[in-house]
Amino acid sequence: MYIVVVGGGRVGYYLTKALLDEGHEVVIVEKQAAICDAINDELGGVCVRGDGCETAVLAEVGTDRADMFIAVSGEDEDNLVSCQLAKHKFKVPRTVARIVNPKNEVLFKKLGIDVTVSSTDIILENIEAEVPTHLLTHLMTIRDRGLEIVEIKIPTNSSAVGKAIKELKLPAGSVLPLIIRKGSRPVVPEAETILQAGDQIIAVTSPESEEALRTALRGS
Amino acid sequence: MKIVIMGCGRAGGRLAGLLDADGHQVAILDTDSYSFRRLPSDFHGTALVGNGLDESVLKRAGIDEAGAFVALTQGDNRNVMAAQIAKHIFNVPRVICRIYDPLRQELYSTLGIETFSPTKIFAEMLREKLES
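Those protein sequence lines, which keep their order, are chains A and B.
For the first sequence, position 4 matches number 22 in this note's numbering, and the numbering has no gaps at all.
For the second sequence, position 49 matches number 50 in this note's numbering, and the numbering has no gaps at all.
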């Protein structure tokens with residue numbers, strides 16, 4: 019696959035390295051000469067100096083034949099413009115933008131950017147998961163379906179402990195496909211399965227019913 | 002009409018003064034309060050410190066009721082992004098955006114944003130002067 023990466027910062031550098039290792043053809047576009055030289059020294063001539071928001075630069079690196087275009091600079095507005103150029107001017111089938119402000123996800127989607135990756139959200143979720151009192155952890159978002167996969171730990175004081183799944187007031191649209199218990203195999207729960215303190219539950223839910231699901235499993 | 006202007010540089014400050022004098026309700030944004038020195042002393046509008054790419058700042062500036070939004074910062078990409086937020090998130094009826102880079106300006110005008118490139122206009126104007 020031919021992939022154009024814009025932004026030679028840490029994300030751009032490690033991403034390119036990984037993509038090259040997987041055997042892809044990759045070029046990085048980076049504004050600063052010093053960074054370009056450093057990348058070319060380490061990875062071989064993969065970095066082209068230039069502004070990834072300029073049509074001429076993107077034409078020079080052959081964006082019109084790219085299968086994928088990834089903008090990972092630290093500025094949301096630059097990533098947006100790069101991706102819009104790639105999409106509309108060079109007809110790249112798949113555009114990916116890194117965003118720093120999670121609020122921009124809606125706008126980028128609306129403007130036709132295929133994938134947005136919010137570094138802020140990812141860091142927040144990972145840290146949240148390490149907070150012991152944090153009941154619900156986001157594992158994954160199923161894009162285009164409005165669903166997410168979350169993990170919920172049942173605390174000892176939860177009113178759900180000792181109850182069967184069918185007794186819980188689960189919000190419509192939420193399912194519990196898996197329970198992970200210490201010292202035993204993962205269980206696919208049935209209506210009669212009794213919840214225990216410390217159970218780790220993997221659930222599929224919509225963001226809207228997340229709060230109701232949390233309440234149903236924590237009890238109140 | 003309620004008008005929100007992003008960027009209080011020479012052009013933004015001057016435009017705000019003119020529109021204010023014409024009786025429009027003007028709100029002008031800039032990330033640096035020092036820029037507001039460019040507003041005329043009898044300016045009646047609102048001057049707000051904040052980033053126009055932030056939806057909450059735009060709301061504070063009254064973008065929900067605005068009839069027009071003008072993006073006039075020094076950054077082409079910032080202008081383009083703010084203009085698209087105004088148009089697609091807040092549905093402002095009239096959005097105008099300055100883009101210095103003529104190529105980028107062409108792209109965004111084909112994408113339905115009302116844009117102008119001072120670079121292009123100025124070059125053409127100078128040519129006309131020199132050739133007449």
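Note that CB positions come from ideal geometry on N, CA and C, so glycine has one too.
Name the two residues that bound the continuous alpha helix (DSSP H) containing residue i.
i	result
A/Pro195	Careful: A/Pro195 lies outside any alpha helix (DSSP H), inside the beta strand (DSSP E) at 193-198.
A/Thr233	228-236
A/Phe126	122-128
A/Arg141	Position check: residue 141 of chain A holds Ile in this sequence, whereas Arg was assumed. 137-148 is the extent of the alpha helix (DSSP H) around A/Ile141.
A/Val99	94-106
Pull the bridge partners of residue i from the DSSP assignment, please.
i	result
B/Ser128	Sequence inspection shows Arg at residue 128 of chain B; the Ser mentioned does not correspond to that position. Answer is none; B/Arg128 lacks a bridge partner.
B/Phe70	B/Val5, B/Val96
B/Asp77	Answer by DSSP bridge pairing: none, since B/Asp77 is not bridged.
A/Thr159	A/Glu166
A/Lys88	According to the sequence provided, residue 88 of chain A is Ile. The question's Lys does not apply to it. Its beta-bridge partners are A/Val23, A/Val114.
A/Ala190	A/Ala190 pairs with nothing; no bridge assigned.
Between which two residues does the beta strand (DSSP E) holding residue i run?
i	result
A/Lys171	165-171
B/Tyr109	Careful: B/Tyr109 lies outside any beta strand (DSSP E), inside the alpha helix (DSSP H) at 103-111.
A/Ile46	43-48
A/Thr73	Counting along the chain, A/Thr73 falls outside any beta strand (DSSP E), though it belongs to the alpha helix (DSSP H) covering 73-78.
B/Glu115	115-117
A/Tyr20	20-24
A/Gln218	218-223
B/Asp31	26-31
A/Ile212	Looking at the DSSP string, A/Ile212 is not in any beta strand (DSSP E), and its letter there is neither H nor E.
B/Arg61	Counting along the chain, B/Arg61 falls outside any beta strand (DSSP E), though it belongs to the alpha helix (DSSP H) covering 56-61.
Could you tell me the distance, in whole angstroms, from the CA atom of residue i to the CA atom of residue j?
i	j	result
B/Ala87	B/Ile29	14 Å
B/Val5	A/Leu98	22 Å
B/Tyr109	A/Ser224	35 Å
A/Glu78	A/Val47	10 Å
A/Cys101	A/Ile131	7 Å
B/Thr74	B/Gly13	8 Å
B/Ser42	A/Glu93	35 Å
A/Thr34	A/Ala209	48 Å
A/Ala104	A/Asp82	8 Å
B/Met134	B/Ser133	Chain B is shown from 2 up to 133; residue 134 of chain B falls before or after that span and cannot be answered.
A/Asp39	A/Asn58	16 Å
A/Val124	B/Met7	21 Å
B/Ala17	B/Met2	13 Å
A/Leu235	A/Val133	32 Å
B/Asp65	B/Phe91	6 Å
B/Glu56	A/Pro195	38 Å
A/Phe87	A/Lys49	17 Å
B/Phe44	B/Asp21	7 Å
B/Arg61	B/Met82	18 Å
Pick out whichever of the options has its Cα sitting closest to the Cα of residue i.
i	options	result
A/Ile9	A/Pro204, A/Thr134, A/Ala52, A/Asp217	Here chain A covers residues 19 to 238 and nothing more, so residue 9 of chain A does not appear.
B/Leu112	B/Glu125, B/Cys98, B/Phe123, B/Thr120	B/Cys98
B/Arg105	A/Val75, A/Val222, A/Ala221, A/Leu38	A/Val75
A/Ala89	A/Gly25, A/Ala36, A/Ser202, A/Val206	A/Gly25
A/Ala52	A/Val124, A/Gly27, A/Cys71	A/Gly27
A/Val179	A/Ser202, A/Ile219, A/Thr155	A/Ile219
B/Gly46	B/Tyr101, B/Val81, B/Asp102, B/Cys9	B/Cys9
B/Arg15	B/Lys3, B/Ala83, B/Ser36, B/Thr32	B/Ser36
B/Ala124	B/Val50, B/Pro103, B/Asn78, B/Asp77	B/Pro103
B/Asn52	B/Arg39, B/Glu129, B/Ala84, B/Phe44	B/Ala84
A/Ser192	A/Ala215, A/Glu72, A/Ala221, A/Gly68	A/Ala221
A/Ala215	A/Leu157, A/Glu166, A/Thr73, A/Thr174	A/Thr174
B/Thr116	B/Asp21, B/Asp31, B/Ala48, B/Asn78	B/Asn78
A/Thr73	A/His106, A/Gly63, A/His42, A/Cys65	A/His106
A/Val64	A/Asp96, A/Gly201, A/Ile167, A/Gly30	A/Gly30
A/Cys71	A/Phe108, A/Glu143, A/Val168, A/Arg203	A/Phe108
B/Ser118	B/Leu59, B/Val58, B/Tyr101, B/Leu131	B/Tyr101
A/Glu226	A/Gly164, A/Ile197, A/Ala36, A/Ile183	A/Gly164
Does any heavy atom of the ligand HEM sit closer than 7 Å to the C-beta of residue i?
i	result
B/Leu54	Ligands in the displayed structure: none, and consequently the ligand HEM is not present.
Could you name the residues of chain E that residue i contacts, counting a contact when the two beta carbons are closer than 7 Å?
i	result
B/Glu56	Considering every chain present, this structure includes no chain E. Its protein chains are A and B.
Three or more C-beta pairs below 8 Å linking the stretch 188-195 of chain A and the stretch 221-230 of chain A: yes
Given 8 Å, three or more beta-carbon pairs between the stretch 115-125 of chain A and the stretch 133-145 of chain A: Yes, since at least three Cβ pairs between the stretch 115-125 of chain A and the stretch 133-145 of chain A fall closer than 8 Å, the two stretches touch.
Contact between the stretch 15-31 of chain B and the stretch 55-73 of chain B (3+ Cβ pairs under 8 Å): The way I'd put it, the stretch 15-31 of chain B does touch the stretch 55-73 of chain B; three or more beta-carbon pairs between them come closer than 8 Å.
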